[in-house]
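Chemist:
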Amino acid sequence: MVFSIMQLMGVTLDPSNFDPHDRLGVTIALASKILDQGGSADWLGLPAKIPPCLQLSTFPQFAKTHVAGEARFLRAGKWCTGRSLDDWAFAYASWDRDTWKQRLYGTMDDKGYLIFTRKACKVVPVLSAARDDCSRWPLLQDTEGLVWLALDESEWLDIDKHTQQQVGNHVNRASKCYMVPLWDFMEPVMANKAEIKDLALANSITKFMLLTEHATGKYHVMSYFYSRKIDGFNDWKERIEHWNELEFAVGGPDPPTMSSEWCREA
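Residues 1004 to 1269 (our numbering) are what the sequence shown spells out, left to right.
1. Could you spell out where the beta strand (DSSP E) holding Arg1121 opens and where it closes?
2. Between the C-alpha atoms of Lys1052 and Ser1019, what's the straight-line distance to the nearest angstrom?
3. Give me the DSSP bridge partner(s) of Met1212.
4. For the beta strand (DSSP E) containing Glu1250, name the first residue and the last one.
5. Is there contact between the segment 1249–1260 and the segment 1118–1129, where contact requires at least three CB pairs shorter than 8 Å?
6. Counting only the same chain and skipping the five closest in sequence on each side, list residues whose C-beta sits under 6 Å from that of Trp1265.
7. Rounded to the nearest angstrom, what separates Lys1240 and Val1127 at their Cα positions?
8. Give the straight-line distance between the Cα atoms of Leu1038 and Leu1027, rounded to the nearest whole angstrom.
9. Would you tell me roughly how many angstroms separate the C-alpha atoms of Trp1151 and Arg1242, rounded to the nearest one?
10. Please classify Pro1258 as buried or exposed, where buried requires at least 16 other C-beta atoms within 10 Å of its C-beta.
11. With 16 as the cutoff for other CB atoms within 10 Å, does Ala1032 come out buried or exposed?
12. Quick check on DSSP: helix, strand or coil for Ser1019?
13. With Tyr1229 and Leu1213 assumed to form a contact (beta carbons below 8 Å), what rounded beta-carbon distance in angstroms separates them?
14. Look at the alpha carbon of Leu1143 and the alpha carbon of Pro1023, and state the distance between them as a whole number of angstroms.
15. May I have the straight-line CA-CA distance separating Asp1155 from Glu1216, to the nearest angstrom?
16. Assuming contact is defined by CB atoms lying nearer than 8 Å, are Gln1105 and Trp1186 in contact in what I supplied?
17. Could you tell me how far apart the beta carbons of Ser1060 and Gly1255 are, in whole angstroms, since I believe they sit closer than 8 Å?
18. What is the residue span of the beta strand (DSSP E) that Ala1032 lies within?
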């Protein structure tokens, strides 16, 4: 698959340099070449409901394919069709000057770690939260349904005492976790499961990667967050501007091997 689309991305790879079944190796080579040529990591978060690849977490899990044409992904121990996991959110068709600045640039090493600098906010898990509040800043719900608290010092102290106690129990002993903004996406308003309404009614959303540290200085993508551009009382662009810039190396968490069946070309 990679060899059939690589020239669309301005990349040429020699197939003889790769094992014919090595999806991981050729994907790492393609991504590395795109970045080395000044391109951006536009594959991030597409689509966010497919679980991240365990060996190359900046990409979604590789599909288990079938001659009938159906692609399936393993989610929560169950094989699901790709269409059922489509989040229907897509990047803008054209990049204006502001959106262009949002694109993520960096490098990728031979183990598949994407290395970049980006504004980020530390987050901690919250074991319980009122259903009505789980998507109200500074609480966020990821695509797996787990609730997180963003440690944005300008706003998070407004939460209830019970949640503050949970934060105190986790912040010092939990793995380092961060939310990292990607860029603006469009979310069409669905008329039903099969049809899309007028795209003029689409919502503007921002996607965020949820990263966790699995080794010193090494992170992997756990999940993603979505947020409307304005969540009721604060503009996301303004909020993110106050965050610190951090350097990340994101990949893994498992080493890139061909041992897993969905990492092999079917």
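Glycine is no exception: its CB is placed at the ideal position from the N, C-alpha and C atoms.
Modeler: So, to answer that:
1. Its beta strand (DSSP E) spans residues Leu1117 to Val1129.
2. Here the alpha carbons of Ser1019 and Lys1052 stand approximately 34 Å from one another.
3. For Met1212, which the question treats as bridged, DSSP gives the partners Val1183 and Tyr1227.
4. Where Glu1250 is concerned, the enclosing beta strand (DSSP E) starts and stops at Asn1247 to Val1253.
5. Short answer: they touch.
6. Residue placement at Trp1265 cannot be trusted, given a pLDDT of 45 that sits under 50; what the coordinates show is reported in the next sentence. Closer than 6 Å at Cβ, skipping near neighbours: Phe1065 and Lys1067.
7. When the Cα atoms are used, Lys1240 and Val1127 turn out to be separated by approximately 22 Å.
8. For Leu1038 and Leu1027, the gap between their C-alpha atoms comes out near 17 Å.
9. Trp1151 and Arg1242 have their C-alpha atoms spaced approximately 17 Å apart.
10. Label assigned to Pro1258: exposed.
11. Ala1032 is buried by the Cβ-count criterion.
12. Helix.
13. So it is not a contact: roughly 11 Å between Cβ atoms.
14. Roughly 42 Å between the two C-alpha positions.
15. Those two C-alpha atoms are separated by around 19 Å.
16. Closer than 8 Å, so yes.
17. Their Cβ separation, rounded to whole angstroms, is 6 Å, which keeps Ser1060 and Gly1255 in contact under 8 Å.
18. No beta strand (DSSP E) holds Ala1032; the alpha helix (DSSP H) holding it covers Arg1026 to Asp1039.
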